[in-house]
Amino acid sequence: MQTATQVVIFAGVVTLVGILGIGWLGQQASVRAIVARIGEALSRLMRVIGSIISWLVGWLKIALACTVPLLMALIIMRGEFFDPKNFLLWIAVIVWALVVFVRRETLRS
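Residue numbering for the sequence shown follows the numbering used here, beginning at 40 and increasing consecutively.
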């Protein structure tokens with residue numbers, strides 16, 4: 040029982056010292072400048088990552104818009120469109136139709 044009490048008191052003291060230490064560090068101008076630079080760098084990095092993801096999504100839309108109708112035409116010509124083996128094709132057709140519909144609706148507004 041005494042050990043548990045000592046552990047709780049020690050944890051409280053460590054927490055209090057940590058909070059005071061962080062507060063003191065936050066008051067230092069050099070630490071604030073370093074934190075501001077890190078924040079700016081992270082902000083730039085997130086903008087770059089966002090633009091890369093946006094570029095990749097744009098190319099994925101183009102790829103879907105070009106390949107799915109071609110695949111549909113090829114499989115329809117072979118007469119295998121309604122074959123249960125082509126379940127992934129049905130999913131691709133549904134995704135393609137949703138992308139086209141959502142794009143058309145967003146272009147209208």
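Just so you know, even glycine gets a beta-carbon here, dropped at the ideal spot from N, CA and C. Because the structure is a prediction, the values reported are computed rather than measured.
Item	Value
Which residue wins for smallest C-alpha separation from P108, given the options T42, A131, Q45 and W94?	A131
Under the assumption that L128 contacts I114 (Cβ atoms under 8 Å), give the Cβ distance between them as a whole number of angstroms.	6 Å
Determine the direct distance from the alpha carbon of G89 to that of I58, and round the result to whole angstroms.	35 Å
If you count every other CB in all the chains shown that lies within 10 Å of the CB of W135, and 16 or more means buried, which is it?	buried
By alpha-carbon positions, which one of I48, Q45, V53 and K100 ends up nearest to R142?	K100
Is Q45 helix, strand or coil by DSSP?	helix
Please state if the CB of A104 and the CB of V74 are separated by a distance shorter than 9 Å.	no
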